[in-house]
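Number of protein chains: 2
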Amino acid sequence: MTIHLKQSEDAAFKSCAHDYQVNCGNCRLNSICLPLALESDDIQQLDDIIQRSKPLQKNQHLYRESDHFQSVYAVRSGTLKAYKTTDDGREQVTGFYFPGEILGMDGISNNTHASSAKALETAAICEIPFTSLEKLSALMPNLQRHFFQLMSHEITEDQQLITLLSKNSADERVAALMLSISGRNARRKLSATQFRLPMSRVDIGNYLGLTVETVSRVFSRMQKMEVLRVDNKEIEILDTQGLKNMANLGG
Amino acid sequence: MTIHLKQSEDAAFKSCAHDYQVNCGNCRLNSICLPLALESDDIQQLDDIIQRSKPLQKNQHLYRESDHFQSVYAVRSGTLKAYKTTDDGREQVTGFYFPGEILGMDGISNNTHASSAKALETAAICEIPFTSLEKLSALMPNLQRHFFQLMSHEITEDQQLITLLSKNSADERVAALMLSISGRNARRKLSATQFRLPMSRVDIGNYLGLTVETVSRVFSRMQKMEVLRVDNKEIEILDTQGLKNMANLGG
DNA sequence: TCTTCAGGTTGATTCACATCAAGGTGAATT
DNA sequence: AATTCACCTTGATGTGAATCAACCTGAAGA
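First to last, the sequence lines map onto chains A and B. FYI, the numbering for the first sequence is 312 to 562, going by this note's numbering. FYI, the numbering for the second sequence is 312 to 562, going by this note's numbering.
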């Protein structure tokens, strides 16, 4: 089972590497990543400013906190985590980024990245130089609108997380994360009920403000309740409604 | 003491009401609110799209969650809180907004406000219709850049709060909020060490993921440690360095 | 003046999660 | 096949903040 999914990931990655010069027009993520009502000419212009470099290996950084900000990034394959390092050296994971999602926008305000981003597994990335994006946005109202919306979306997501951290129990937090990942998979036409977690328990705990031990116990509990089947990083949602009830959010 | 500060607030407000047709060019907050390297002609254009309506009374809403999104808002005087209502009816305060700060940007992503905003005291507001802002942004690179930065700043602020909620103790959270308010006062050339909290203990607790009782106890503790003098909503910071140590952030 | 009520404080008790401690598992290395 | 190491799980115990409860304070209204 584990092996099966690994293979499919590798296959997906190979097709990307092979398609090294994919462009936005033919990228299968474009409906998620840049759902612009664009003329093909517009897409071409956008495509021209985007840089596709060689894939990031697991644990490689895309950028680090306090790096000079130059670009935002779209994930084409793989997963990344964004995190801040607190002054006493601890980490705070601020987000996970899946294919089709954009990261790096927190660097705009200071011309300095406010967080670090590293690959949780091999990842292909599209780099979008920000000054070019700004210029193009001024010419293409749809694009400008889209980026305002993307940033606004990041704000609402962060506010969701704030609420989660401040109001919800360990069970609810983990349930909410599983539902979030499930939903993001569905958006990419992957299974909403079966998937492999790209991140460790430590990262999950860190993101949700919990310790590893607590995360582990929650998974055990969910398994006992037959809401989830957990096999290491392999997750199967057995009872979506049960999970939603458990998350206690918008059910 | 309390009376003294109330008077100065009222005075500030009256000068606003009197200056009903203040414009961005002569607004004393413009260096904070819209620190654009603008030609006066640009300022005039921006000013033309901004609407100044009659002040909000205490507890009045500026907008509500799920209202149709049309504008973002700048605070000219007074304070507002933004909050979300969870499905089980509880509130999560997501931010406090002081004069010179912009709110409402979380509505852009869905054309629907993702939170509600209400006045914590009488407040004067500048309304900035978003479609006009978009059009103007396309023409004025500085303005476009500035709004990207504002939104990015909101993201980094939210991420700060996420870290605070997930990693810091009650003492640290309250200390961090006091320092934040102090800093925002300083930005407006007000005292960094003496101010009146516009929000209740309940709101503070709600924002910081704590109960009222805990907030109250933290204030008592800080007072005993002679870091703060607390007289109801009147705050005096007695030992800024002590407070910073207590916050345990960037000390 | 008395009452009411919202907002705040303080103390006693409880509880969810952290911490500490010990093992388990499986992939990579030798 | 044995060793190592990162990652995960489970159990026992401790603790910071929530909860429950009582009371205080001051403004608003009768």
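We put the CB at the ideal spot given by N, CA and C, even for glycine.
Cβ-heavy atom distance, residue i to the ligand MN, below 6 angstroms
i, result
"A/L373", "Absence of the ligand MN is noted for the structure shown, with no ligands found whatsoever."
Chain B within 7 angstroms of residue i, Cβ atoms only
i, result
"A/Q552", "no"
"A/L476", "yes"
"A/M416", "yes"
"A/T313", "Residue placement at A/T313 cannot be trusted, given a pLDDT of 34 that sits under 50; the coordinates are not used to answer."
"A/D469", "yes"
"A/T442", "no"
"A/Q489", "In the sequence under discussion, the amino acid at residue 489 of chain A is Met, which differs from the Gln named in the question. With 7 angstroms as the cut-off, A/M489 does not count as an interface residue toward chain B."
"A/I473", "yes"
"A/Q356", "no"
"A/I259", "Any question about residue 259 of chain A goes unanswered here, given that chain A covers just 312 to 562."
Check whether residue i and residue j have beta carbons under 7 angstroms apart
i, j, result
"A/C437", "A/A385", "yes"
"B/L357", "B/I413", "no"
"A/H424", "A/D378", "yes"
"A/I466", "B/I466", "yes"
"B/R498", "B/I343", "yes"
"A/M557", "A/A486", "yes"
"A/Q371", "A/A449", "no"
"B/P440", "B/S364", "no"
"B/L476", "A/S491", "no"
"B/S493", "B/A481", "no"
"A/S463", "B/S463", "no"
"A/S426", "A/E483", "no"
"B/L501", "B/I546", "no"
"A/K369", "A/E445", "no"
Same chain only: Cβ atoms within 6 angstroms of residue i, ignoring 5 sequence neighbours per side
i, result
"A/F409", "T390, R495"
"B/I515", "V526"
"A/A322", "Low confidence applies here, because A/A322 scores a pLDDT of 41, under 50, leaving its location unreliable; read the following figure in that light. For A/A322, where only same-chain residues beyond five positions count, there are no Cβ hits under 6 angstroms."
"B/A435", "C327, P366, R387, S388"
"B/G553", "V538"
"B/F380", "G418, N422, T423, H424"
"A/F530", "V541"
"B/N341", "C335"
Where the alpha helix (DSSP H) through residue i begins and ends
i, result
"A/L454", "452-478"
"A/A497", "481-498"
"B/K555", "551-558"
"A/D359", "351-360"
Simplified DSSP assignment, three categories, for residue i
i, result
"B/K365", "coil"
"B/L519", "helix"
"B/G406", "strand"
"B/A323", "For B/A323, the predicted structure reports a pLDDT of 43, less than 50, and the residue's modelled location is therefore unreliable. The matter cannot be settled from this model."
"A/T563", "Only positions 312 to 562 of chain A appear in the structure, and residue 563 of chain A is not among them; the question remains open."
"B/L373", "strand"
"B/V386", "strand"
"A/L414", "strand"
"B/S502", "coil"
"B/A425", "coil"
Limits of the unbroken beta strand (DSSP E) element including residue i
i, result
"A/R339", "A/R339 -> no beta strand (DSSP E), and no H or E assigned at all."
"B/T525", "Run containing B/T525: none in the beta strand (DSSP E); it sits in the alpha helix (DSSP H), 523-535."
"B/Q505", "505-507"
"A/E432", "Looking at the DSSP string, A/E432 is not in any beta strand (DSSP E), and its letter there is neither H nor E."
"B/V541", "539-542"
"B/T396", "391-396"
"B/I546", "545-548"
Minimum Cβ-Cβ distance from residue i to chain A less than 7 angstroms
i, result
"B/S388", "no"
"B/Q403", "yes"
"B/E376", "no"
"B/H457", "no"
"B/C327", "For B/C327, the pLDDT reaches just 44, beneath the cut-off of 50, and the residue's location in the model is therefore unreliable, leaving the point undetermined."
"B/Q381", "no"
"B/A481", "no"
"B/Q362", "no"
"B/A449", "yes"
"B/H464", "yes"
"B/G520", "yes"
"B/D425", "Going by the sequence as given, residue 425 of chain B is Ala instead of Asp. Interface residue, yes."
"B/S420", "yes"
"B/Q460", "yes"
Residues near residue i by beta carbon distance below 8 angstroms, same chain, minus five either side
i, result
"A/D353", "L347, M451, N453, L454"
"B/C338", "C344, R387"
"A/L488", "I515, Y518, L519"
Contacting residues, own chain, Cβ-Cβ under 7 angstroms from residue i (five flanking each side not counted)
i, result
"A/Q403", "Y394, K395, T397, N517"
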